[in-house]
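Protein chains in written order, with this note's numbering: chain G, 1 to 200; chain E, 1 to 490.
Working notes, structure below.
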């Protein structure tokens, strides 16, 4: 009889259970809240970092292509302050039998519908090759509106999200990427790079 | 008592399990976040390292180009002993792709970044004599015409040249064209006759080229003539049968006309230009280089009529440098007949350098020219001779070796380097950072056979032929001529 009473008393009382559940609930709730806010902040930072990385990589890719290009092959070759959202060029492939050899024509352009930077080799010719170098390109450069005014004060009027400014074998490349963050906020980044064509 | 203890154990275990679950969940999440962040950081660092490596490779190319400009091979360091630069390293390999065409390949390494860039350079010289004997479009030698070479060493006078080519002689002519070279019957070339890349050498009966007739791999470039800006002086007509001396400050004349029995003396040092130089039958032009050389620019018409005469009392090939920028055939004297830019019927042995890259120069039968000549089309009449003076090479004080860029591109990094992408460059190459030399001390003097003409600090001219590794480049203040061939192992 004494043994049976002792076993029954060994369990939790209702009060103990309720308190324990409440404490556990509070702890778990806090953990979830902290985790979620951390995760949101992390996602936000990751989105920013990813967009910046994407922007840098795209600009590096464009810069590398233009560095190897022959300056004389740049089309259109209009000078500052005009800008272009499309640039054609030919790579210098080296020297064979004393003569400089050029590659097939290539083109980098902004496809506004998809917000894409598109690279095309042999555009419009048989054997045409195409690749999308990046997405999320803004229609207009950051701070610019379609109003015939230089809103962002960079010397260009109503320039597109990808803009080339060409002057004597030097190409100024401007690019703006825009993407919605996880929290619904809009992330916008702009970079500018000045590329000297290494080949005349 | 024993049972009470058992109950206490069961209750402590429940809390422990719950705590462990919570800690593990939070820990796992933290590890995941940390891993993601580390990956992102690694990508960013790799991007930065690649840019640094790219910049190092660019620095290598710039240093290599400077090395070529100063007469070196362009090679800097090597994979086993690269040049230290900042906290990274680079080395540059140089290859002679063709005569005077150098390929540089620079590999830069920094952190985990690797980059290899290629640059092709071409050495050029504005020294006319460096071209040898040139007809940039075509060379035509008449019957029994002769083109050979000698080395005056700066001494004046008509040299005694052998009748036959001496194979032991170190002096041989380089007769060049970007088109064909045609030799008439019994014509002789004592040296190489080098046609253009798509040209050929055509030999008449018993014609002879003692050296190579292989076509050039690239075309010979001719420099544009830069006519000096001098004080304008109008026309000069000298027809009174006397001697008239032009000396002192150079002028830019309109048309100079020298009439019958009249002599025009060009006394050096003198730099002058003229729109047209016309020497009529019986007229004479004398070059007096006793006190210095004469530089004469003819911009539209060189008309040396039949019966006119050249005179070079000093017989010095350095005494006259004549530049004829005239081009195109048209009626220059308004007599209804088209006139070529150069009409050369003068008698007398010519001494000096004649440069007319856009005109046809036809030397009349039996004429002789000592020095150097370059023309658009070079034609020698029967028994005419051009004797190239090798001493003129590099004698032009205004001409230096120039280096121009032909091609730049990104190339794949060497395979053996690509294996250790994650490693520190010094570890990957197994070199000690503090033992590596800076770029300027890492110029590689590979085993090249070089032939260099240079001016030392005192202004004296020297020649060196031999292994590059045995040559002290510090001696050369100014490199005037350079040939480099890969040293073959014995």
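Think of the CB as a built atom: it goes at the ideal place given N, C-alpha and C, for glycine as much as any other residue.
**Asked** Between residue 94 of chain E and residue 73 of chain E, is the Cβ-Cβ spacing less than 8 Å?
**Response** Looking up residue 94 of chain E in the second chain gives position 94. Looking up residue 73 of chain E in the second chain gives position 73. Yes, Cβ-Cβ distance for residue 94 of chain E and residue 73 of chain E is below 8 Å.
**Asked** In three-state DSSP terms, what is residue 55 of chain E?
**Response** The residue given as residue 55 of chain E occupies position 55 in the second chain. It is helical.
**Prompt:** Given a threshold of 16 other Cβ atoms within 10 Å of its Cβ, counted over all protein chains shown, does residue 90 of chain E qualify as buried or as exposed?
**Reply:** One-based indexing of the second chain puts residue 90 of chain E at position 90. Buried is the call here.
**Message:** Would residue 327 of chain E and residue 313 of chain E be called neighbours here (beta carbons separated by less than 8 Å)?
**Reply:** Your numbering for residue 327 of chain E matches position 327 in the second chain. Your numbering for residue 313 of chain E matches position 313 in the second chain. No, Cβ-Cβ distance for residue 327 of chain E and residue 313 of chain E is not below 8 Å.
**Message:** If we require 3 or more residues per run, which beta strand (DSSP E) segments fall completely within the region 122-154 of chain G?
**Reply:** Every unbroken stretch of the beta strand (DSSP E) spanning 3 or more residues and falling wholly within the region 122-154 of chain G is given here in chain order: 129-134.
**Request:** Look at residue 296 of chain E and residue 266 of chain E and say whether their C-beta atoms are less than 8 Å apart.
**Result:** One-based indexing of the second chain puts residue 296 of chain E at position 296. One-based indexing of the second chain puts residue 266 of chain E at position 266. A contact, by the Cβ cut-off of 8 Å.
**Request:** Figure out for me which residue from E:190, E:219 and E:201 has the closest Cα to the Cα of residue 99 of chain G.
**Result:** Walking along the first chain from the start, residue 99 of chain G turns up at place 99. Answer by Cα proximity: E:219.
**Request:** Flag residue 190 of chain G as yes if its beta-carbon sits less than 8 Å from any beta-carbon of chain E, otherwise no.
**Result:** In the first chain, residue 190 of chain G corresponds to position 190, counting from 1. Residue 190 of chain G does not count as touching chain E.
**Prompt:** Cα separation between residue 22 of chain G and residue 13 of chain G?
**Reply:** Indexing the first chain from 1 puts residue 22 of chain G at position 22. Indexing the first chain from 1 puts residue 13 of chain G at position 13. So the alpha carbons of these two residues sit roughly 14 Å apart.
**Message:** So for residue 24 of chain G, helix, strand or coil by DSSP?
**Reply:** As a first step, residue 24 of chain G is located in the first chain; it is residue number 24 there, counting from the start. Of the three classes helix, strand and coil, the one that applies to residue 24 of chain G here is helix, per DSSP.
**Under 7 Å by beta carbon: chain G residues contacting residue 47 of chain E** = Counting from one through the second chain, the residue named residue 47 of chain E turns up at place 47. Residues of chain G passing the Cβ test: 56.
**Request:** Compare the C-beta of residue 195 of chain E with all C-beta atoms of chain G and state if any pair is closer than 8 Å.
**Result:** Walking along the second chain from the start, residue 195 of chain E turns up at place 195. No, residue 195 of chain E lies away from the interface with chain G (no Cβ there is under 8 Å from its Cβ).
**Item:** From E:197, E:196, E:201 and E:179, residue whose alpha carbon lies closest to that of residue 533 of chain E
**Value:** Here chain E covers residues 1 to 490 and nothing more, so residue 533 of chain E does not appear.
**Message:** For residue 490 of chain E and residue 77 of chain E, I'd like the C-alpha separation in whole angstroms.
**Reply:** Within the second chain, the letter at position 490 stands for residue 490 of chain E. Within the second chain, the letter at position 77 stands for residue 77 of chain E. Caution applies to residue 490 of chain E, whose pLDDT of 38 falls short of 50 and renders its modelled position unreliable; the value that the coordinates give is listed next. The alpha-carbon atoms of residue 490 of chain E and residue 77 of chain E are separated by roughly 24 Å.
**Request:** Count the C-beta pairs between the region 376-383 of chain E and the region 154-168 of chain E that are closer than 8 Å, then say yes if the count reaches three, no if not.
**Result:** no
**Request:** May I have the straight-line CA-CA distance separating residue 88 of chain G from residue 56 of chain E, to the nearest angstrom?
**Result:** Taking the first residue of the first chain as position 1, residue 88 of chain G is located at position 88. Taking the first residue of the second chain as position 1, residue 56 of chain E is located at position 56. Those two C-alpha atoms are separated by around 29 Å.
**Request:** Give the secondary structure of residue 295 of chain E by DSSP, where H, G and I count as helix, E and B as strand, and everything else as coil.
**Result:** Counting from 1 along the second chain, the entry for residue 295 of chain E is found at position 295. It is a strand residue.
**Message:** Measuring only the C-alpha atoms, how far is residue 205 of chain E from residue 140 of chain E?
**Reply:** To locate residue 205 of chain E, count along the second chain from 1; it is residue 205. To locate residue 140 of chain E, count along the second chain from 1; it is residue 140. Rounded to the nearest angstrom, the two C-alpha atoms are 14 Å apart.
**Message:** How far does the beta strand (DSSP E) with residue 105 of chain G in it extend, from its first residue to its last?
**Reply:** Indexing the first chain from 1 puts residue 105 of chain G at position 105. It spans 99-111 - the beta strand (DSSP E) in which residue 105 of chain G sits, taken as one unbroken run.
**Asked** Any idea which residues DSSP pairs residue 199 of chain E with across the strands?
**Response** Locating residue 199 of chain E in the second chain gives position 199, counting from the first residue. Its beta-bridge partners do not exist; DSSP assigns none.
**Request:** Using a Cβ-Cβ cut-off of 8 Å, state whether residue 218 of chain E counts as contacting chain G.
**Result:** Counting from one through the second chain, the residue named residue 218 of chain E turns up at place 218. True, the Cβ-Cβ gap to chain G drops below 8 Å.
**For residue 312 of chain E: DSSP bridge partner residues** = Within the second chain, the letter at position 312 stands for residue 312 of chain E. For residue 312 of chain E, no pairing in a beta bridge is given by DSSP.
**Request:** Could you tell me which residues DSSP pairs with residue 121 of chain E in its beta bridges?
**Result:** The count along the second chain starts at 1 and reaches residue 121 of chain E at position 121. In the DSSP output, where bridge partners are listed per residue, residue 121 of chain E has E:102 and E:405.
**Prompt:** Can you name, in chain order, every residue of its own chain whose Cβ lies under 6 Å from the Cβ of residue 488 of chain E, other than the five neighbours on each side?
**Reply:** Numbered from its first residue, the second chain carries residue 488 of chain E at position 488. In this prediction, residue 488 of chain E scores a pLDDT of 45, lower than 50, which makes its location untrustworthy; no coordinate-derived value is stated.
**Contacts that residue 43 of chain E makes with chain G (C-beta to C-beta distance below 7 Å)** = The count along the second chain starts at 1 and reaches residue 43 of chain E at position 43. Those are 53, listed as they occur along chain G.
**Request:** Just the C-alpha distance for residue 174 of chain G and residue 54 of chain E, rounded to the nearest angstrom, thanks.
**Result:** Here the question's residue 174 of chain G lines up with position 174 in the first chain. Here the question's residue 54 of chain E lines up with position 54 in the second chain. Taking the straight line joining both Cα atoms gives about 21 Å.
**Prompt:** Is residue 128 of chain E near residue 147 of chain E, with beta carbons less than 8 Å apart?
**Reply:** The sequence position of residue 128 of chain E within the second chain is 128, counting from 1. The sequence position of residue 147 of chain E within the second chain is 147, counting from 1. No, these two residues do not count as a Cβ contact at 8 Å.
**Item:** For residue 120 of chain G and residue 92 of chain E, the rounded distance between their alpha carbons
**Value:** Here residue 92 of chain E is taken as the residue at index 92 of the second chain, counted from 1. Here residue 120 of chain G is taken as the residue at index 120 of the first chain, counted from 1. So the two alpha carbons sit approximately 33 Å from each other.
**Own chain, CB closer than 6 Å to residue 258 of chain E, minus 5 neighbours either side, in chain order** = By 1-based counting over the second chain, the position of residue 258 of chain E is 258. Counting only residues of its own chain and dropping the five nearest sequence neighbours on each side, residue 258 of chain E has a CB closer than 6 Å to the CB of 238, 264, 279 and 283.
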